[in-house]
Amino acid sequence: MPRVAHIFALAGVLSVSMCICRPESIPSADATSLPSHEKKLVIFLTSDSAIAPAASSEMKQELSHLLQPAAIHVEWQDPAVDRDAAENDYSALVRLRGSCRPTEPSARFEHAVSGPFTLASSAVADGVVLPFGDIDCAALNSFLGPSLWKEPETVQEFVYARAVARLMAHELYHVIGQTHGHARNGVAEPSFTVAELLSDHFEFTETTLSELHASPDVAEYSERTDSDDASGK
-8 MPRVAHIFAL AGVLSVSMCI CRPESIPSAD ATSLPSHEKK LVIFLTSDSA IAPAASSEMK
52 QELSHLLQPA AIHVEWQDPA VDRDAAENDY SALVRLRGSC RPTEPSARFE HAVSGPFTLA
112 SSAVADGVVL PFGDIDCAAL NSFLGPSLWK EPETVQEFVY ARAVARLMAH ELYHVIGQTH
172 GHARNGVAEP SFTVAELLSD HFEFTETTLS ELHASPDVAE YSERTDSDDA SGK
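The sequence shown runs -8 to 224 under this note's numbering.
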């Protein structure tokens, strides 16, 4: 039976063969279908444990790869160091909870671990999606463990970091788009399988990219909210 993980409801199943290729040299149709004007997203990243430099680099590259077709440029900052308010279109605080690295090989991963799993979440108040996201690495370890534990360490770290970026992108979809909804397919779908998290190709659909690109920036959204409050909507 497929194992299911919930995120805003997010999910899982299956083991897959691993590939550590990135098709950066192949232009996608999505990448050319949107206006060239870029918006800036600043992510303040915190983590309960140290992240290996190579894994951190892969995570950041994957997230940029996912959002670039929506003309969203990602910048990373450490909230403990970068305290100056910089001009940007969007910002979000993302916390990696627990040990965000592949778990050491264990006999308990020889068989599938039952779910469901809540892999990530975003905060909502009065219907507004707040710019805070959590990735539950303990849940992710249990979810991916049966498919990863026999792989070489370098492959484990690569695909694990890529999976974290995909969870992060899902939550940022809610934050940027100010939506509780989901797409039918792609990174914005309501549930993920293990195969999707570990596959070489898993991205936003063209429709979702267009929605992300058209999302109001912080200033515009604030103006809309103030207007709605004033009119009693």
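Yeah, the Cβ is synthetic: ideal placement off N, Cα and C, and Gly gets one too. Here the structure is a predicted model, which is why all the values come from computation and not from measurement.
> Ser89 to Tyr164, Cα distance in whole Å?
Replying inline: Note on residue identity: the sequence assigns Gly, not Ser, to residue 89. Distance from the CA of Gly89 to the CA of Tyr164, rounded to the nearest whole angstrom, comes to 23 Å.
>> Less than 8 Å between the C-beta atoms of Ala41 and Glu148, yes or no?
In response: The Cβ atoms of Ala41 and Glu148 lie no closer than 8 Å to each other.
>> Going by beta-carbon coordinates alone, are Leu200 and Ala61 separated by less than 8 Å?
In response: Using a Cβ distance threshold of 8 Å, Leu200 and Ala61 count as a contacting pair.
> When the Cα atoms are used, what is the spatial distance from Ser133 to Val65?
Replying inline: Taking the straight line joining both Cα atoms gives about 29 Å.
> Assuming Ala156 contacts Glu29 under a Cβ cut-off of 8 Å, what Cβ separation, rounded to an integer in Å, is found between them?
Replying inline: Incorrect: roughly 19 Å between the Cβ atoms, too far for contact.
> Whose C-beta lies closer than 6 Å to the C-beta of Gln169 among residues of the same chain, with five residues either side of it excluded?
Replying inline: These residues qualify, in order along the chain: Val120.
>> Using C-beta distances below 8 Å, list every residue in its chain close to Lys115, excluding the 5 sequence neighbours before and after it, in chain order.
In response: Lys is not the amino acid found at residue 115; the sequence shown has Val there. For Val115, where only same-chain residues beyond five positions count, the Cβ hits under 8 Å are Leu121, His171.
>> Just verifying my parser: in three-state terms, what is the DSSP assignment at Asp21?
In response: Because Asp21 carries a pLDDT of 43, less than 50, the predicted location of this residue cannot be relied on, and the following value inherits that uncertainty. In the structure shown, Asp21 falls within a helical segment according to DSSP collapsed to helix, strand and coil.
>> For Leu203, which residues in the same chain have their Cβ closer than 8 Å to its Cβ, ignoring the five residues on either side in sequence?
In response: Closer than 8 Å at Cβ, skipping near neighbours: Leu58, Ala61, Ile63, Tyr164, Ile167, Gly168, Phe195.
> In whole angstroms, what is the alpha-carbon distance linking Tyr151 and Leu139?
Replying inline: One C-alpha to the other measures close to 9 Å.
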